[in-house]
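Asks: First the structure, which I've put down as structure tokens, then a few questions once you've had a look.
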Amino acid sequence: MTLSIGLTGGIASGKSTVSNMFKETNIPVIDADIIARQVVEQGAPAYRLIAEAFGSGILQEDGSIDREKLGSIIFQNANEREKLNSIVHPAVRKEMLRQKEEAEASGEAAVVLDIPLLFESKLTHLADVTLVVYVNPDVQLSRLMKRNGLSEEDAKWRIASQLPLNEKKDQADEVIDNNGTIEETKKQFHTLLEKWNLASK
Numbered sequence: 351m352t353l354s355i356g357l358t359g360g361i362a363s364g365k366s367t368v369s370n371m372f373k374e375t376n377i378p379v380i381d382a383d384i385i386a387r388q389v390v391e392q393g394a395p396a397y398r399l400i401a402e403a404f405g406s407g408i409l410q411e412d413g414s415i416d417r418e419k420l421g422s423i424i425f426q427n428a429n430e431r432e433k434l435n436s437i438v439h440p441a442v443r444k445e446m447l448r449q450k451e452e453a454e455a456s457g458e459a460a461v462v463l464d465i466p467l468l469f470e471s472k473l474t475h476l477a478d479v480t481l482v483v484y485v486n487p488d489v490q491l492s493r494l495m496k497r498n499g500l501s502e503e504d505a506k507w508r509i510a511s512q513l514p515l516n517e518k519k520d521q522a523d524e525v526i527d528n529n530g531t532i533e534e535t536k537k538q539f540h541t542l543l544e545k546w547n548l549a550s551k
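First residue of the sequence shown: 351, per the working numbering; consecutive thereafter.
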């Protein structure tokens, strides 16, 4: 029986850090963001649908999607964001399920579904257990501004486009508090592995 772990967090919460800890423990990680990039590459079905929905203005000279331009449209407009999600999410879900079934067929003890919008997209049914990487709102804001070189206003727009971390924390089965040091985060991570009987894997 393969344990499927739904991993999520918020932008700049440290989810990628925890995702890497799973990889270092040789637990396979299926990353929704990576798949989301793959399904919109030129030639992929979702690419054509996005170009039709948003027009040629979001394409770069080589024909690929300009992620910055598309991002600036969807981060400030819920309807546009919904339009994009309705194209990308089904394609991502299909590929994630394929990889999950592959991991189960090969007898993996666990598989991580790294999904930033796990709760927003109502995908918790894909996982046996959900894990949120949490930071306080002020920590999240300062980390995002620092990491992406954003103004406070831009950073707040991006955070506001996601469900607040407090709400995700309340819905999750398990929480890793990432407000402290990397060592403190690692300690919580290893405690969870022991709880799930994955420590020796």
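Here a beta-carbon is modelled for each residue, glycine too, at the ideal position from N, C-alpha and C. Note that the structure is predicted; figures quoted are calculated from it, not measured.
When the Cα atoms are used, what is the spatial distance from ALA477 to LYS518?
Replies: For the purposes of this step, residue 477 is taken as residue 127 along the sequence shown, with counting starting at 1. For the purposes of this step, residue 518 is taken as residue 168 along the sequence shown, with counting starting at 1. Cα to Cα, the separation comes out at about 15 Å.
Asks: Does ASP504 come out as helix, strand or coil in the three-state DSSP assignment?
Replies: Within the sequence shown, the letter at position 154 stands for residue 504. The answer is helix: DSSP assigns ASP504 an H, G or I state.
Asks: Let me confirm a value: SER363 is counted as buried when at least 16 other C-beta atoms fall within 10 Å, else exposed. Which label applies?
Replies: Taking the first residue of the sequence shown as 1, we reach residue 363 at position 13. When all chains shown are included, SER363 counts as buried.
Asks: Ordered along the chain, which non-local residues of its own chain (more than five positions away) have a Cβ less than 8 Å from that of ARG497?
Replies: Position 147 of the sequence shown holds residue 497. Here the set comprises ALA362.
Asks: Name the DSSP beta bridge partners of THR480, please?
Replies: Taking the first residue of the sequence shown as 1, we reach residue 480 at position 130. BP columns for THR480 point to GLY356.
Asks: With a 10 Å radius around its C-beta and 16 neighbouring C-beta atoms as the bar for buried, classify ILE385 as buried or exposed.
Replies: The count along the sequence shown starts at 1 and reaches residue 385 at position 35. Around the beta-carbon of ILE385, 16 or more other beta-carbon atoms lie within 10 Å, marking it buried.
Asks: Beta strand (DSSP E) containing GLU524: first to last residue?
Replies: Translated into positions along the sequence shown, residue 524 becomes position 174. It spans 524-527 - the beta strand (DSSP E) in which GLU524 sits, taken as one unbroken run.
Asks: Hey, how far is the Cα of GLU557 from the Cα of LYS419?
Replies: The question about residue 557 has no answer, for the chain in this structure spans 351 to 551.
Asks: Just the Cα atoms here: how many angstroms apart are GLN512 and ARG431?
Replies: Your numbering for residue 512 matches position 162 in the sequence shown. Your numbering for residue 431 matches position 81 in the sequence shown. When rounded, the distance between both Cα atoms is 11 Å.
Asks: In whole angstroms, what is the alpha-carbon distance linking THR399 and GLY413?
Replies: By 1-based counting over the sequence shown, the position of residue 399 is 49. By 1-based counting over the sequence shown, the position of residue 413 is 63. Residue 399 is actually Leu in this sequence, not Thr. Their backbone Cα atoms lie some 14 Å apart in a straight line.
Asks: Please list, in chain order, all residues of the same chain as LYS551 whose beta carbon is under 6 Å from its beta carbon, the five residues on each side excluded.
Replies: For the purposes of this step, residue 551 is taken as residue 201 along the sequence shown, with counting starting at 1. Low local confidence applies: a pLDDT of 46 at LYS551 is under 50, so the model's placement there is unreliable, with the coordinate-based value given in what follows. Here the set comprises ALA459.
Asks: How about GLY356 and THR474: do their beta carbons lie closer than 8 Å?
Replies: Within the sequence shown, residue 356 is the residue found at index 6, counting from 1. Within the sequence shown, residue 474 is the residue found at index 124, counting from 1. Going by C-beta atoms, GLY356 is nearer than 8 Å to THR474.
Asks: Quick check on the DSSP output: the beta strand (DSSP E) that includes LEU494 runs from which residue to which?
Replies: Counting from 1 along the sequence shown, the entry for residue 494 is found at position 144. LEU494 -> not in any beta strand (DSSP E); alpha helix (DSSP H) instead, spanning 487-498.
Asks: Per DSSP, what kind of secondary structure is ALA460 in: helix, strand or coil?
Replies: Along the sequence shown, one-based indexing puts residue 460 at 110. ALA460 falls in the strand class under three-state DSSP.
Asks: Please classify SER369: is it buried, with 16 or more other beta-carbons within 10 angstroms of its beta-carbon, or exposed?
Replies: Start at 1 with the first residue of the sequence shown, and residue 369 comes out as number 19. Buried, by the Cβ-count rule.
Asks: If you reduce the DSSP assignment to three classes, tell me which class LEU399 lands in.
Replies: In the sequence shown, counting from the first residue as 1, residue 399 sits at position 49. Note: LEU399 maps to helix in three-state DSSP.
Asks: Taking just the CA atoms, how far does ALA403 sit from LEU463?
Replies: Counting from one through the sequence shown, the residue named residue 463 turns up at place 113. Counting from one through the sequence shown, the residue named residue 403 turns up at place 53. Going by the C-alpha atoms only, they are around 28 Å apart.
Asks: Measure the C-alpha to C-alpha separation of LEU447 and ILE380 and round it to an integer number of angstroms.
Replies: What you label residue 447 is simply residue 97 of the sequence shown in a count that begins at 1. What you label residue 380 is simply residue 30 of the sequence shown in a count that begins at 1. Each residue's Cα considered, the two are about 9 Å apart.
Asks: For ILE523 versus VAL479, is the C-beta spacing smaller than 8 Å?
Replies: The count along the sequence shown starts at 1 and reaches residue 523 at position 173. The count along the sequence shown starts at 1 and reaches residue 479 at position 129. First, the amino acid is wrong: residue 523 is Asp here, not Ile. With contacts defined by Cβ atoms closer than 8 Å, ASP523 and VAL479 form a contacting pair.
Asks: Let me confirm a value: MET371 is counted as buried when at least 16 other C-beta atoms fall within 10 Å, else exposed. Which label applies?
Replies: Against the sequence shown, residue 371 aligns to sequence position 21. Looking at its Cβ environment, which holds 16 or more other Cβ atoms inside 10 Å, MET371 is buried.
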